[in-house]
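Student: Pasting in a structure now, in C-alpha cells, and then I'll have a few things to ask.
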Amino acid sequence: MERGEIKDGHYYFKVQNAMSGWGDQDTNNFIRSHTTYDSIKRRCDSHPDDEFFGYRVRKGGHGIGEYIWVKNKEVLELVDAFAATLIHTLKLKKGDSLGFISRNRYEWYVSQFAAQKYGIIPVPLYATLGEQAIDYIVDLMQIKHVVCSLDKTVAGLEKRKNFIQFIIFDHEKVDGVEVPNNSVYFEDLLNEGRSLHCDAERPNMDDLALCIFTSGTSGKPKGVMHTFSTFAHGITSINECNIFTQSPSRNETIFSYLPCAHILEQQTSQGFMFGGGRVGFISGGIASLSDDLFHCKPTYLAVVPRVLQRIYDTFNHKFNEMGCLAQTLFNVAYYFKRESLVNGNYNYLNFDFIFSKVRDGFGGKLRFIFNGGAPITPALFEWLRVCTGAHIMQSYGLTESCGGCTSCLPNMNDPNVISCGSPCDRVSLRLTSVPEMEYFIDSVIPCGEVELKGGPIFKGYFHNPTETENAFTEDGYFKTGDIGSVAKDGAVTIIDRKKNLFKLSQGEYIAVEPLEGKYDACEFVGQSFIYGESTDSFIVGVIVPNFRNVQNWLKQEGKDVKDNKEICQLINGEFKDRLLEKIHAFMKEMKVPGYELIRNVYFVDEEFSTENDLITPSFKLKRMNLKKKFMNKLTELRKQAGAF
C-alpha cells in the first residue's frame, strides 16, 4: 500500500483513517451544519428524560454522595434561562465576550451553551496564566463579565480598575474564599431568566464559537479562534472514529476531569453530549479522581499520559508490596491474558477476575481510553489493555486543530503502538522537509514538519494578524511546528519539535522535548527539564524524581527515608553520582548519543505543575518560567560541569 506521494515539495498522506465512517452519520451531518445550541436542543428534544450531566455533592463533614444526574429537559431549560438573562439582564449581544474560570462542573457547559445560543463568545481563562496574561486577555477580548466558581481564584480580576462582574456558580460559601463585592449568583440569574422571552440575533456557522488562549511557552498568549463550523468539524472528526457505532450512544458515559478550558476536554465531552451520551464531572482535584471514577463508572475516558503513568506507578508500588504468591498469580494471569490479546485467542479471559481491582479503579465499565497530548509508552499501553480490557485510542492534535485530528486504535500485536494513526475525515495532513534538523520527506522513512488543512483548523489568532500570517503557508496549511515520520502502514508518529531546538558548541543539535520524554521514561525520573547553552559542549538538567522508586532504591542502599525533601537532600548529596549513573545507564539502553547524557543534575521536591506556573494547562513545560526559576542553579550546574 502506497503511504503517500511527494508533490510540489511536500509529502501528502494518501492513507485515509481506517475508522472513518464508523459513527452515526445522521448525527454527524447535523452537527456539521448546525450551531452548538442546535445540536444540544436536538439531543434534549429527542430524549427529554435521558440523563445528561452528573455531579456529586459534598455532605458537610461526611464525605461526598453518589452522582446526581441532570436530565436533558432540565439542561435545556437551564441553557435557555441563562441565555435570556445574558441578553436582557447583562445586556450582552452577539460578538461580545464572556469569561470563564472554574473547576470542571456542569454549570460551565450550561453557561457556555447559553452564550453560544446568541453568538456571545466564551473565553476560558486559566488561573495559572497569571495576572498579567489574564489582564491582557480581558482587555483584548473586552470582557466585562466572568462566570466562575469560588474555589478558583479570580486571579486579581476583582482589583482591576476596569469593572468586571463575577457570576458565581457557588451559592454556598467556600472555606477561606470571600465573595467579591461586584458579584451576582448564577442561580439568581437563572431564576430571573426563566420568566424572560428572547428573540435576539442568532449566530451562523461562520461566526466565532469559542476563543481559547494558548498559554504557550513564552510571550503573550494567543487567542485561537474557532467558528461554529471549525468546532463542529473537530467534534465529528473524532466521533467518526470512536465508539458512536449506534444511534444515539445513550448508554455511554464519559468522565470529565481535564480542564474545561482544555481543547481535548471540549472536543471529547461535547462529542459525547451531541451523540447522546452522559458526562460525569470530577468532584475535586486529582486526589478525588479514583473515588469519582469508582462512583461514576465511565465507559470512556479522555486522558493525557501523565495521569495514566501516575496510576501505573501507583499499581507497581502496591504490586511490589504484595506477597510472593499474589505476585506469581498475577504474573501468570497477565501472561495468558496478554497472549490471548496478541493472538486473538480469548480462551484465557476467565483470568480477568485477577485484574478486577485494576478495572474497578477505573470504575469497572471502561471500554475506551482516548489518549492525547503525547503518546503513551508501549509498556503502559500493554498494561492498560491487559488489566482494564479497554481499547486505547491514540490521537494527535492541537488547540489550533480543535483537538485530535488523527487517530488510531492499535492492537497488541501492532509494531508501533505509539503512533498517532492517520488523518481523520476532512483533514489533510502533509509533511515539509526541515533541512536544518536533517528531516527530509524523500528519506526512506519520510520525515518533516506536520502541516494541517481542513474543516477543524482554526481561522486565526484573535486580533493578531502577524502571528496568524506566520502560522499558515501561502496555500493555507497550518504549520504545527511538530516533526512527524511516516510508517509503512501510513501512520504518523510525532518524533520531534521544531521550535524547541538548540545547538551545542560542537555543532550537535539537542531536540529537548523528545529527549525529555526519554528521561521521563526512566524509573527514577518523574519530570525533567533539559538545559544547555550554545557555548557548552554538554547539557544539564533539573529533575523531579519518581519518589517511590527512588525511596525504594535508597532503602536498598541502607537509607530508609520517606520525606521528599530528605530524599532530595540525599540524592543531591552523597547519592547523586550513583543515581546519575543509573539514569545514564537507562539512557544508554535507549541508545542516546553521549552528548545527550546530562553532565550534571539538580533534583527538586516540587512537581512542575500549573499551580506553580511551570507547565501549561496542556502539560507542556513552560521553558522560560523554568529557566527563570532555576537560572542560578543551572549556572551553578554548568560551572561545576566545567562550562567556565
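With my numbering applied, the sequence shown corresponds to residues 5 to 648, in that order. Every residue gets a Cβ at the ideal spot worked out from N, C-alpha and C, and that includes glycine. These figures come from a predicted structure and were not determined experimentally.
Look up residue 306 in the DSSP assignment and say whether it is helix, strand or coil.
Tutor: Translated into the one-based positions of the sequence shown, residue 306 becomes position 302. The answer is strand: DSSP assigns residue 306 an E or B state.
Student: DSSP has residue 116 in a bridge; who is on the other side?
Tutor: The residue you call residue 116 lines up with position 112 of the sequence shown. According to DSSP, which records beta bridges pairwise, residue 116 is partnered with nothing at all.
Student: Which term fits residue 602, buried or exposed, when burial requires 16 or more other beta carbons within 10 angstroms of its beta carbon?
Tutor: For the purposes of this step, residue 602 is identified with residue 598 of the sequence shown, where counting begins at 1. Its Cβ being crowded by 16 or more others within 10 Å, residue 602 is buried.
Student: Is it buried or exposed for residue 141, if we count other Cβ within 10 angstroms and need 16 for buried?
Tutor: Mapped onto the sequence shown, residue 141 falls at position 137. Residue 141 is buried by the Cβ-count criterion.
Student: When you compare the stretch 32 to 48 with the stretch 72 to 87, are there three or more beta-carbon pairs, one atom per stretch, that lie closer than 8 Å?
Tutor: Output reads yes: the stretch 72 to 87 touches the stretch 32 to 48.
Student: In chain order, what residues of the same chain lie with their CB nearer than 8 Å to the CB of residue 63, ignoring the 5 residues before and after it?
Tutor: Your numbering for residue 63 matches position 59 in the sequence shown. These residues qualify, in order along the chain: 69.
Student: Give me the residue from 212, 100, 201 with the minimum Cα distance to residue 4.
Tutor: Residue 4 is absent from the model: the chain starts at 5 and stops at 648.
Student: Go ahead and label residue 58 buried or exposed: buried means 16 or more other beta carbons lie within 10 angstroms of its beta carbon, across all protein chains shown.
Tutor: In the sequence shown, the residue the question calls residue 58 occupies position 54. It is buried - the Cβ of residue 58 has at least 16 other Cβ atoms within 10 Å.
Student: For residue 323, count the other beta carbons within 10 Å of its own beta carbon; 16 or more makes it buried, fewer makes it exposed. Which is it?
Tutor: Here the question's residue 323 lines up with position 319 in the sequence shown. Result: exposed.
Student: Are three or more beta carbon pairs between the stretch 437 to 452 and the stretch 6 to 15 nearer than 8 Å?
Tutor: Touching, per the Cβ criterion.
Student: Please state the DSSP three-state secondary structure of residue 433.
Tutor: Locating residue 433 in the sequence shown gives position 429, counting from the first residue. It is a strand residue.
Student: Do residue 489 and residue 451 have their C-beta atoms within less than 8 Å of each other?
Tutor: By 1-based counting over the sequence shown, the position of residue 489 is 485. By 1-based counting over the sequence shown, the position of residue 451 is 447. In contact: residue 489 and residue 451 (Cβ atoms closer than 8 Å).
Student: Assign residue 221 to one of three DSSP states: helix, strand, or coil.
Tutor: In the sequence shown, residue 221 corresponds to position 217, counting from 1. For residue 221, the pLDDT reaches just 48, beneath the cut-off of 50, and the residue's location in the model is therefore unreliable, although a value from the coordinates is still provided. It is coil, neither helix nor strand.
Student: Using the rule of at least 16 other Cβ atoms within 10 Å of the residue's Cβ for burial, across every protein chain shown, is residue 208 buried or exposed?
Tutor: Here residue 208 refers to the residue found at position 204 when the sequence shown is read from its first residue. Classification of residue 208: exposed, given that the 10 Å Cβ count is below 16.
Student: Just to confirm the assignment, what range does the alpha helix (DSSP H) spanning residue 30 have?
Tutor: Taking the first residue of the sequence shown as position 1, residue 30 is located at position 26. Run containing residue 30: 29 to 37, per the alpha helix (DSSP H) assignment.
Student: Mind checking residue 325: buried by the 16 CB within 10 Å criterion, or exposed?
Tutor: For the purposes of this step, residue 325 is taken as residue 321 along the sequence shown, with counting starting at 1. Result: exposed.
Student: Indicate the three-state DSSP secondary structure (helix, strand or coil) for residue 326 in the structure shown.
Tutor: On the sequence shown, residue 326 is found 322 positions in, with the first residue counted as 1. Residue 326: coil per DSSP, three-state reduction.
Student: Report the option in 76, 378, 118, 206 whose CA atom is closest to the CA atom of residue 98.
Tutor: On the sequence shown, residue 98 is found 94 positions in, with the first residue counted as 1. That would be 206, whose Cα lies nearest to the Cα of residue 98.
Student: Quick check: the Cα distance between residue 501 and residue 330, rounded to an integer number of angstroms?
Tutor: Start at 1 with the first residue of the sequence shown, and residue 501 comes out as number 497. Start at 1 with the first residue of the sequence shown, and residue 330 comes out as number 326. Roughly 43 Å separates the two Cα atoms.
Student: Would residue 167 be called buried (16 or more neighbouring beta carbons within 10 Å of its own) or exposed?
Tutor: Locating residue 167 in the sequence shown gives position 163, counting from the first residue. Classification for residue 167: exposed.
Student: Per DSSP, what are the beta-bridge partners of residue 402 in this structure?
Tutor: Taking the sequence shown and counting its residues from 1, one reaches residue 402 at position 398. Answer by DSSP bridge pairing, in chain order: 407.
Student: What alpha helix (DSSP H) runs, 4 residues minimum, are completely inside the stretch 52 to 125?
Tutor: Within the stretch 52 to 125, the complete alpha helix (DSSP H) runs of at least 4 residues are 76 to 92, 110 to 121.
Student: Of the residues 108, 123, 154, 239, which one's Cα is nearest the Cα of residue 260?
Tutor: Position 256 of the sequence shown, counted from the first residue, corresponds to residue 260. Among 108, 123, 154, 239, the Cα nearest to that of residue 260 is on 108.
Student: Would you identify the three-state DSSP class for residue 486, choosing helix, strand or coil?
Tutor: Start at 1 with the first residue of the sequence shown, and residue 486 comes out as number 482. Residue 486 falls in the strand class under three-state DSSP.
Student: May I have a chain-ordered list of the beta strand (DSSP E) segments no shorter than 3 residues that lie completely inside the stretch 538 to 605?
Tutor: As far as the stretch 538 to 605 is concerned, its whole beta strand (DSSP E) runs of at least 3 residues are 543 to 549.
Student: From what residue to what residue does the beta strand (DSSP E) around residue 535 run?
Tutor: In the sequence shown, the residue the question calls residue 535 occupies position 531. First-last of the beta strand (DSSP E) with residue 535: 529 to 535.
Student: Rank 181, 146, 355, 497 by C-alpha distance to the C-alpha of residue 155 and give the top, closest one.
Tutor: The residue labelled residue 155 in the question sits at position 151 within the sequence shown. The residue with the shortest Cα to Cα distance from residue 155 is 181.
Student: How about residue 291 and residue 225: do their beta carbons lie closer than 8 Å?
Tutor: Here residue 291 corresponds to residue number 287 of the sequence shown, with the count starting at 1. Here residue 225 corresponds to residue number 221 of the sequence shown, with the count starting at 1. No, these two residues do not count as a Cβ contact at 8 Å.
Student: Under a three-way DSSP split, which group does residue 247 fall into?
Tutor: Locating residue 247 in the sequence shown gives position 243, counting from the first residue. In this prediction, residue 247 scores a pLDDT of 48, lower than 50, which makes its location untrustworthy; the coordinate-derived value is nonetheless stated afterwards. Coil at residue 247, not helix or strand.
Student: Which ranges does the beta strand (DSSP E) cover as unbroken runs of at least 3 residues, wholly within the stretch 318 to 397, from first to last along the chain?
Tutor: Correct list: 372 to 375.
Student: Among 628, 397, 87, whose alpha-carbon lies nearest the alpha-carbon of residue 535?
Tutor: Counted from its first residue, the sequence shown places residue 535 at position 531. Residue 628 is the option with its Cα nearest to residue 535.
Student: Determine the direct distance from the alpha carbon of residue 503 to that of residue 56, and round the result to whole angstroms.
Tutor: Translated into the one-based positions of the sequence shown, residue 56 becomes position 52. Translated into the one-based positions of the sequence shown, residue 503 becomes position 499. Approximately 41 Å between the Cα atoms of the pair.
Student: Grab me the residues of residue 73's own chain with a C-beta within less than 6 Å of its C-beta, minus the 5 sequence neighbours each way, in chain order.
Tutor: To locate residue 73, count along the sequence shown from 1; it is residue 69. Excluding positions up to five away in sequence, the list reads 55, 58.
Student: Could you pull the DSSP bridge partners for residue 17 from this structure?
Tutor: The residue given as residue 17 occupies position 13 in the sequence shown. Beta-bridge pairing links residue 17 to 8.
Student: By DSSP, does residue 169 sit in helix, in strand, or in coil?
Tutor: To locate residue 169, count along the sequence shown from 1; it is residue 165. Note: residue 169 maps to strand in three-state DSSP.
Student: Determine the contact status of residue 91 and residue 213, defining contact as a CB-CB distance below 8 Å.
Tutor: As a first step, residue 91 must be located in the sequence shown, where it is residue number 87. As a first step, residue 213 must be located in the sequence shown, where it is residue number 209. Cβ distance not < 8 Å, so residue 91 and residue 213 don't count as in contact.
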